[in-house]
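All remarks here apply to the structure that follows.
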Amino acid sequence: MTIIETTKVTSKGQVTIPGPVRRILHLKGGSSVAFTVTQHGIVLVPCEITARSPYSPKEWRKIEKLASEEGKRFSNPEDAKKYLAGL
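Written out as structure tokens, the structure is:
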């Protein structure tokens, strides 16, 4: 089956997947898709993301920094908050 649909890329690099394509692939709002770039073009396939990190990359860097350091003691909560804010 070959279906040709066109769409425009927005200034943010986004595209709307045309309705006929969404229906064929059973895509709904919130569905995940994977892109594969080949020598012939782009292949888009539905996919399941089974695990999402609860932390952003920036938060993971802070966590890794904390985990790699020797423990610190603070005499009051304000000093501890200042330390954590500086990570």
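The opening residue of the sequence shown carries number 0 in numbering that gives the first Met the number 0; numbering runs sequentially from there. Idealized CB from N, CA, C, for every residue including glycine.
Span of the alpha helix (DSSP H), counted from its first residue to its last, around residue i
i          : result
residue 67 : 56-67
residue 44 : Note, residue 44: premise wrong, no alpha helix (DSSP H); beta strand (DSSP E) at 40-46.
Under the three-state DSSP convention, the category residue i falls into
i          : result
residue 86 : coil
residue 33 : strand
residue 4  : coil
residue 17 : coil
residue 26 : coil
residue 80 : helix
Beta-carbon gap between residue i and residue j smaller than 8 Å
i          : j          : result
residue 46 : residue 66 : no
residue 19 : residue 6  : no
residue 31 : residue 3  : no
residue 64 : residue 86 : yes
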